[in-house]
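Step one of this worksheet: look at the structure below.
Protein chains: 2
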Amino acid sequence: MRATLIHAPGDIRSEIVPDPVLSTGGDAVVRVTASCVCGSDLWPYRGVTPTKEPKRIGHEFVGVVEQVGADVTSVAVGDFVIAPFYVCCGECVNCRNGVSTSCLNGGWWGSDVRDLGFADGAQGELVRVPLADGTLVNVSAVIGGQPDPALIPSLLTLADVMGTGHHAAISAGVVPGATVAVVGDGAVGLCGVLAARRLGAGRIIAMSRHSDRAAIAREFGATDVLPERGDAGVEAVRALTGGIGADAVLECVGTEESMDQALRSARPGGRVGFVGVPNGGPELPVRTMFATNVGVVGGVAPVRGYIAELLTDVLSGAIDPGRVFDLELPLAEAARAYRAMDGRTATKVLLRS
Amino acid sequence: MRATLIHAPGDIRSEIVPDPVLSTGGDAVVRVTASCVCGSDLWPYRGVTPTKEPKRIGHEFVGVVEQVGADVTSVAVGDFVIAPFYVCCGECVNCRNGVSTSCLNGGWWGSDVRDLGFADGAQGELVRVPLADGTLVNVSAVIGGQPDPALIPSLLTLADVMGTGHHAAISAGVVPGATVAVVGDGAVGLCGVLAARRLGAGRIIAMSRHSDRAAIAREFGATDVLPERGDAGVEAVRALTGGIGADAVLECVGTEESMDQALRSARPGGRVGFVGVPNGGPELPVRTMFATNVGVVGGVAPVRGYIAELLTDVLSGAIDPGRVFDLELPLAEAARAYRAMDGRTATKVLLRS
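Pasting the structure below:
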């Protein structure tokens, strides 16, 4: 089958690799309908994180089940499924606590999952899914068949970016009527705007200086779009919030500058929900947090647990997070997708298998 | 009147200073019935924070109103009152948001409060209270007279330590049935145990290696007391919590070591409620927080907003936080009180005026 590998910074290749095969009774093989490139895929692409050897890449996909192991009960051949950006069992104490990203039995796409064998990278034609019952969400069981092709982009966002934006909003404690600021206008930030609107935020301030992204932010529910950054961004948010800052701030970037801006954009007693993968940088300023009672909650988003409720809204048309995709390419052109994301000529690229 | 001043590290003096006088229409003068020494008073006493010039000290007191300004409506001469450890207006947006420690008009005992004049230190015979309506809680209005003298220690804890322990528990998200670990066995940590029990925690693990404090922790509701610290403390908490850590951890110390222990004692997706005044040290490890989804929420406790509900439980006898006081001295012997706290021969010292 065809799959995408990263060989070194800037070196993405589409290659032919062995087809996956079932090995444990609990796994499934899924034929990928669509996958995509994540902002976090750019860290190894840019050399920010090391690539020691050629490695399968990609962690977001939807597709159709092609094979199932003997013990799999929740999906069957032919079902359309959404996979979260990780493998999880759904049964351990951390999964039961809603933190399936800390699953005691799970792992990550593109690598070995403990003693359960290799889980293929998502940017490929086929993916072997260990712990299929815990990992996959069966869309066909909800809708009784295959989804409208027009819904594929939105369904694909539930694998990561929409669930991650939702996690930022939940972590920041967004409640009906809240004033929310969103730092970051990538796909996750835009989904954070949509999640905040969905949770009933009264005012949503999106920080964006790109007109195309700002337009989507407004479409997703932003009531204000501010181009300022850093100190000016903090001041601009305060100017819109009676001088004190936002109740909830969604940090959707992961840099030193973005976290600093987020912390200072929150009002006293407010909260930062952070989902940007921390890209080095210094640590959180505990004394400032102490003085202001601004809490910091978040992390790698346990999206598996959010898919069901978000799926309901995607299927009803209440939300259309697939709007974050502004480029679609065939899987074989993955290298071009990375170039577009890296060069910011695309916000998020969908790869059709 | 007699008041307590710090002149330099280790140099606490009881001196005669001018009586306070009313100056704005909104202030009151309170005759202090009891005050006390706080763990945070030990920072300047130990030279951890600088003392540039002799300074009035103390920020926790209860007493009887002796004079009121013309505009004061919520307290009258003769009323028994509790003061939180800061001055606040009760009317600004931060006060209305429940973060009265970030009051836009308030300040701190022992210093000038903006243009409202000097607020005396609490370790004295009289205190001028600016913004009396926003700051003071009128106990006499609740009970119709003066409180039973036996209740004075517990009422005094509502000025700081009991409200601060409660803030740790609230910030950590303690809910009925939760498993809670408390790092720190000072007065605030012990009150954190009591607050967690009051909020319905199912299991409360107190970290203490002092038998007298451990005994109070058990009396306050600790189901387990562990003497271990650092790595061993983390492992001991995990051993009691199915290997994953506590749902909520109350950080009631403020050192690098205690925060590290608290963060690692929380389960994935758990939360640290922190109220220990951060005593320098490094910042919070954002990458670990990201990987584990352990949030950090807390800060300087807005106790003014907690006094009413905690007062109800003190008056009913449901809680007896005054048990944290294990030494009582006359105000004039404040220096001895500091020596006892510094030398850990007392957990918390009450000063009778």
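Just so you know, the sequences run in chain order B and E. Under full-length UniProt numbering, residues 1 to 353 are what the first sequence spells out, in order. Under full-length UniProt numbering, residues 1 to 353 are what the second sequence spells out, in order. Beta carbons: idealized from backbone N, C-alpha and C, even for Gly.
Neighbourhood of residue i by C-beta distance below 6 Å, restricted to the same chain and skipping five residues each side
i, result
"GLY165 of chain E", "VAL188, CYS191, GLY192, ALA195"
"ARG12 of chain E", "The sequence given here has Ile at residue 12 of chain E, not Arg. Contacts found: ILE6, ALA334, ALA335, TYR338."
"VAL62 of chain B", "THR33, ALA34, ILE82, LEU155, LEU156"
"GLY254 of chain E", "GLY276, VAL277, PRO278, ASN279"
"ASP326 of chain E", "ALA346, THR347"
"HIS167 of chain B", "VAL275, ALA301"
"TRP108 of chain E", "TYR86"
"THR51 of chain E", "ILE6, ALA8, PRO44"
Other residues of its chain near residue i: CB distance less than 7 Å, five sequence neighbours each side excluded
i, result
"VAL75 of chain B", "ALA28, VAL65, VAL68, VAL81, ALA132, LEU136, ASN138"
"ILE57 of chain B", "THR4, LEU5, ILE6, ASP41, GLY110, GLY121, GLN123"
"GLU91 of chain B", "GLY134"
"GLY173 of chain B", "ALA248, ARG271"
"PRO153 of chain E", "GLY322, PHE325, LEU350"
"LYS55 of chain E", "LEU5, ILE6, GLY110"
Extent of the continuous alpha helix (DSSP H) to which residue i belongs
i, result
"ILE143 of chain E", "139-143"
"ALA337 of chain B", "334-342"
"SER154 of chain B", "152-157"
"HIS167 of chain E", "161-171"
"MET289 of chain E", "286-292"
"GLU219 of chain B", "211-220"
"GLU312 of chain E", "Checking the sequence shown, residue 312 of chain E turns out to be Thr, not Glu. Residues 307-316."
"ASP11 of chain E", "Per DSSP, ASP11 of chain E belongs to no alpha helix (DSSP H); it is in the beta strand (DSSP E), 11-16."
"THR345 of chain E", "Run containing THR345 of chain E: none; DSSP gives neither H nor E here."
"CYS95 of chain E", "93-96"
Alpha-carbon spacing of residue i relative to residue j, whole angstroms
i, j, result
"GLY47 of chain B", "LYS348 of chain B", "20 Å"
"LEU250 of chain E", "VAL161 of chain B", "32 Å"
"ILE151 of chain B", "VAL127 of chain B", "Here the sequence assigns Leu to residue 151 of chain B, which means Ile is not the residue at that position. Answer to the nearest angstrom: the Cα atoms are 21 Å apart."
"VAL37 of chain E", "PHE274 of chain E", "20 Å"
"residue 367 of chain B", "THR241 of chain E", "Because residue 367 of chain B is not part of the residues shown, which for chain B are 1 to 353, the question remains open."
"GLY26 of chain E", "LEU310 of chain E", "26 Å"
"residue 356 of chain B", "VAL99 of chain E", "Because chain B here runs from 1 to 353, residue 356 of chain B falls outside it and cannot be looked at."
"PRO285 of chain B", "VAL297 of chain E", "12 Å"
"SER102 of chain E", "PRO147 of chain B", "51 Å"
"VAL314 of chain B", "ASP185 of chain B", "21 Å"
"residue 363 of chain E", "VAL180 of chain B", "Residue 363 of chain E is absent from the model: chain E starts at 1 and stops at 353."
"residue 367 of chain B", "VAL129 of chain B", "Nothing can be reported for residue 367 of chain B: it is not among the residues displayed for chain B, which extend from 1 to 353."
"ILE204 of chain E", "GLY317 of chain B", "46 Å"
"ARG264 of chain B", "THR292 of chain B", "9 Å"
"GLY202 of chain E", "GLU235 of chain E", "20 Å"
"VAL324 of chain E", "ASP212 of chain E", "10 Å"
"ALA308 of chain E", "VAL87 of chain E", "16 Å"
"VAL17 of chain B", "LEU116 of chain B", "20 Å"
"GLY221 of chain E", "GLY144 of chain E", "31 Å"
"ALA214 of chain E", "TYR306 of chain E", "26 Å"
"ALA206 of chain B", "VAL182 of chain B", "5 Å"
"VAL294 of chain E", "GLU257 of chain B", "22 Å"
"ALA262 of chain E", "ALA246 of chain E", "10 Å"
Exposed unless 16 or more other CB atoms sit within 10 angstroms - verdict on residue i
i, result
"THR73 of chain B", "exposed"
"ILE216 of chain B", "buried"
"GLU60 of chain E", "buried"
"SER171 of chain B", "buried"
"ARG197 of chain E", "buried"
"GLY230 of chain E", "exposed"
"PRO330 of chain B", "exposed"
"ARG96 of chain B", "exposed"
"ALA260 of chain B", "Per the sequence shown, residue 260 of chain B should be read as Asp rather than Ala. Answer is buried; the Cβ neighbour count reaches 16."
"ARG304 of chain B", "buried"
"ILE319 of chain B", "buried"
"SER23 of chain B", "exposed"
Boundaries of the beta strand (DSSP E) in which residue i is found, first to last residue
i, result
"GLN67 of chain E", "61-68"
"PRO268 of chain E", "266-274"
"GLU53 of chain B", "Segment: none, GLU53 of chain B is in no beta strand (DSSP E) and carries neither H nor E."
"GLU228 of chain B", "Looking at the DSSP string, GLU228 of chain B is not in any beta strand (DSSP E), and its letter there is neither H nor E."
Same chain only: Cβ atoms within 8 Å of residue i, ignoring 5 sequence neighbours per side
i, result
"ILE244 of chain E", "ARG238, ARG267, PRO268"
"GLU219 of chain B", "ARG323"
Distance cut-off 8 Å: residue i Cβ against heavy atoms of the ligand ADP
i, result
"GLU66 of chain E", "As presented, the structure is devoid of all ligands, the ligand ADP included, so that no description of it is given."
Inset, instruction - Using a Cβ-Cβ cut-off of less than 7 Å, give me the residues of the region 224-247 of chain B that come near chain E, in sequence order. - result: GLY242, ILE244
Inset, instruction - May I ask you to list, following chain order, the residues of the region 77-108 of chain B that have a beta carbon less than 8 Å from some beta carbon of chain E? - result: VAL93, ASN94, ASN97, GLY98, VAL99, THR101, SER102
Inset, instruction - Can you give me, in chain order, the residues of the region 171-191 of chain B that have a beta carbon less than 8 Å from any beta carbon in chain E? - result: SER171
Legend entry - Contact set between the region 278-296 of chain B and chain E, restricted to residues whose Cβ is under 7 Å from the partner: PRO278, PRO282, GLU283, LEU284, PRO285, VAL286, ARG287, MET289, PHE290, ALA291, THR292, ASN293, GLY295, VAL296
Legend entry - Within 9 Å of chain E by C-beta, residues of the region 249-271 of chain B in sequence order: GLY254, MET259, ARG267, PRO268, GLY269, GLY270, ARG271
Inset, instruction - Quick one: which residues of the region 2-19 of chain E get their C-beta closer than 7 Å to a C-beta of chain B? List them in chain order. - result: none
Inset, instruction - With 8 Å as the C-beta to C-beta threshold (strictly closer), list the residues of the region 298-321 of chain B near chain E in chain order. - result: GLY298, GLY299, VAL300, PRO302
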